[in-house]
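Asks: Below you'll find the structure I mean.
Residue numbers (my numbering), protein chains in the order written: chain A, 1 to 333; chain B, 334 to 666.
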């Protein structure tokens, strides 16, 4: 039975904890700078809190990294050096060099790495991708992807610190950068504009980006931490020379529940899409990795190279937004 | 009021004739066309007199003309009409070169005739409502706008995909409507244009012009906006296309879908659903405004200059595609 250690106990740490609980693996411990948060998750899934990361790494087969983006590099390298299998939340890293170092370390140590580009596990996105692959819409010409919500609120709020999170472009839009590349292949250049690409205070951000893929396809990617709460919307549209796939925001939400406040009296403070499924996308993602660790003969749905390429697109978008110029992807290295 | 139709190359002419036909104080004097067969066909269909030349039509002491020719001929016909003392309602895009546009504005100015650009979206009920919301200030500072004017590729009328006659493909055809709406909404000019385009969609048609494109505008107040002008709706789509705008502001978000007022029809007579439109007709309002401006000899609500600035954006988009970087406005040539 695989022993799992979760590092970081924010929203994603808690999602991953719940997802591992749906596999035969055992979460043997959680570790977090926020001991109270770690304690609450530990109680929920019946595991223990580790104060020491090294001790946790020592006790497990898999390290699941759900910490702020800028800390991924250090933690993953530690876990890889110890020969542990790794799950790492998206984005892979804060910088390209860090991302590359992670990939190289995992390769060198022969450990498997799953990066949490969870959109590949959202059934509607996976379905659209397989429809394209099956030739239903011919050659892809123009893709539109949208992921818009309000500012994530944390205390302290590392999302608001550009040097830590990379802002809306790196933290949120990376989902759609990865998806666009999954559907239409490698990206050649990026042009982007946003409200603030290098400010550190907690303020709105909104970004529009245009990707040109190597095969000529164009992707329009839209991301926001600027919508009034609790709005969170995603949309996808893929136009080909033989047809069109549309999935506008909210068009297939089967339940609508409107309450003044949540049952526990709070209001939502971070936007996370909920699709009522027997296995939610986070469970699908973790189960996929569990199967691979168990020897299933299936390819990783998202490789380290894919995650690094998505990071590169996001960094190119940030560079473009800062310079006002179109950025060729190889300029980011 | 005596009105002539200069060319039926653009089928919007049929809609304008329909609106004018019901008015008691309007006399539709006749039609002239570069292609006699086309002119005679529509003259016959609408019970209008056909003139062998534009000169012969303009000799009829017209008060005004509607110019619905191929884009590249707008310049020649507008100058002819102005010199004959007729006010002009000209189809969009106003011109296919900066020189042509400047000459058109100058000719109308010199002759003392009004020049209106056919931008019916300014008379679309949902976009008028949207303008009120923007003017109320309730969105706060507008950060950015994500807009689309997608449609089916015009396959029946060949000149739309003829680079010389149309001036370009999707970038030329579908950028100007929303560019004009954004100028109207934001009350300021565009200072920079970036665009990507390709010719993947509708590849069965072997188009010589671009069929997909995304344009990014930067306004002088800092607001940025994208326009998806792609001919990305397949021939079997339930409606012709549409116009959408999402404006993201400091204190709110406004989403407009200008042609959402439809019903869905699943008919035994058709193997695909259809979405007939029940919203208000905007062509009627546009024609009325033109007639009022002529009667009162005042500037119309949408001027020739508005048409010039919108077409300048489309021209800059083409130039940006050529050089792979943003292009500054105004264009000198």
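Each residue gets a CB set at the ideal place from its N, CA and C atoms; glycine is no exception.
In chain order, what residues of the same chain have a beta carbon less than 7 Å from the beta carbon of residue 246/A, not counting five sequence neighbours either side?
Replies: 237
Asks: Report the neighbours of residue 325/A on chain B: residues whose CB is nearer than 8 Å to its CB, in chain order.
Replies: 658, 659
Asks: Let me check one thing: in DSSP terms, what residues is residue 614/B bridge-paired to?
Replies: In the DSSP output, where bridge partners are listed per residue, residue 614/B has none listed.
Asks: Note down, one range per segment and in chain order, each beta strand (DSSP E) of at least 3 residues found wholly within the stretch 93–181 of chain A.
Replies: 113–116, 140–149
Asks: With C-beta atoms as the reference, is residue 332/A less than 7 Å away from residue 96/A?
Replies: yes
Asks: Roughly how many whole angstroms lie between the Cα atoms of residue 319/A and residue 191/A?
Replies: Residue 319/A and residue 191/A have their C-alpha atoms spaced approximately 9 Å apart.
Asks: Residues in the same chain with beta-carbon distance under 7 Å from residue 308/A, minus the five sequence neighbours each way, listed in chain order, please.
Replies: 92, 99, 100, 103
Asks: Buried or exposed for residue 600/B, going by 16 or more other Cβ atoms inside 10 Å?
Replies: exposed
Asks: Helix, strand or coil, according to DSSP, for residue 506/B in the structure here?
Replies: helix
Asks: From residue 595/B to residue 484/B, what distance separates their C-alpha atoms?
Replies: If you take the alpha carbons of residue 595/B and residue 484/B, they lie about 16 Å apart.
Asks: Against residue 147/A, what residues of chain B qualify as contacts under a CB-to-CB distance less than 7 Å, listed in chain order?
Replies: Ordered by position in chain B, no residue passes the 7 Å Cβ test against residue 147/A, which lies about 12 Å from the chain.
Asks: Have a look at residue 208/A and residue 140/A and give me their C-alpha separation to the nearest angstrom.
Replies: 20 Å
Asks: Does the CB of residue 135/A have a neighbour CB from chain B at under 7 Å?
Replies: Cβ-Cβ to chain B under 7 Å: no for residue 135/A.
Asks: By the DSSP assignment, the alpha helix (DSSP H) with residue 441/B in it spans what residues?
Replies: 431–444
Asks: So with CB distances below 9 Å, who are the chain A contacts of residue 585/B?
Replies: 227, 228
Asks: Helix, strand or coil: which one does DSSP assign to residue 448/B?
Replies: strand
Asks: If you count every other CB in all the chains shown that lies within 10 Å of the CB of residue 1/A, and 16 or more means buried, which is it?
Replies: The residue is exposed, with fewer than 16 neighbouring Cβ atoms inside 10 Å.
Asks: Would you kindly report the start and end of the unbroken beta strand (DSSP E) that includes residue 49/A?
Replies: Counting along the chain, the beta strand (DSSP E) containing residue 49/A begins and ends at 48–50.
Asks: Check whether the stretch 161–172 of chain A touches the stretch 492–500 of chain B, taking contact to mean three or more Cβ pairs, one atom from each stretch, closer than 8 Å.
Replies: no
Asks: Does the beta-carbon distance from residue 218/A to residue 142/A come in below 7 Å?
Replies: The Cβ atoms of residue 218/A and residue 142/A sit closer than 7 Å to each other.
Asks: Taking the C-alpha atoms as reference points, what is the distance between residue 436/B and residue 352/B?
Replies: 30 Å
Asks: Where in the stretch 461–542 of chain B do unbroken runs of the alpha helix (DSSP H), each at least 4 residues long, occur, reported from the N-terminal end onward?
Replies: 496–499, 503–507, 509–519
Asks: Between residue 412/B and residue 440/B, how many whole angstroms is the CB-CB distance? I'm expecting something under 8 Å.
Replies: 4 Å
Asks: When you compare the CB of residue 545/B with every CB in chain A, is at least one pair closer than 7 Å?
Replies: Closer than 7 Å to some Cβ of chain A, the Cβ of residue 545/B qualifies, so yes.
Asks: Going by CA-CA distance only, name the one from 168/A, 128/A, 63/A that's closest to residue 317/A.
Replies: 168/A
Asks: Output the boundary residues of the alpha helix (DSSP H) element that contains residue 652/B.
Replies: 637–656
Asks: Is DSSP giving residue 70/A helix, strand or coil here?
Replies: Residue 70/A: helix per DSSP, three-state reduction.
Asks: For residue 660/B, collect the residues of the same chain with a Cβ closer than 6 Å to its Cβ; drop the 5 residues on either side in sequence, then sort them by chain order.
Replies: Excluding sequence neighbours, residue 660/B sits near 526, 649, 652, 653.
Asks: Provide the residue(s) that pair with residue 570/B in DSSP beta bridges, ordered along the chain.
Replies: In DSSP, residue 570/B forms no bridge with anything.
Asks: Check residue 363/B in the structure and name its three-state DSSP category.
Replies: strand
Asks: Just to check my reading of the structure: residue 641/B and residue 504/B have Cβ atoms closer than 8 Å, yes? What is that Cβ distance to the nearest angstrom?
Replies: The Cβ separation is near 17 Å, so there is no contact.
Asks: Considering only residues of the stretch 363–394 of chain B, which uninterrupted alpha helix (DSSP H) runs meet the minimum length of 4 residues and lie entirely inside it, listed in chain order?
Replies: 369–379, 387–391
Asks: Here's the rule: buried if 16 or more other CB atoms are within 10 angstroms of the residue's CB, otherwise exposed. What is residue 520/B?
Replies: Flag for residue 520/B reads exposed.
Asks: Taking 6 Å as the limit between beta carbons, can you name the residues of its chain near residue 350/B, skipping five residues before and five after?
Replies: 379
Asks: At the level of alpha carbons, what is the spacing between residue 266/A and residue 330/A?
Replies: 45 Å
Asks: Taking 8 Å as the cut-off, does the stretch 449–463 of chain B touch the stretch 597–616 of chain B (at least 3 CB pairs, one atom from each stretch)?
Replies: These segments touch.
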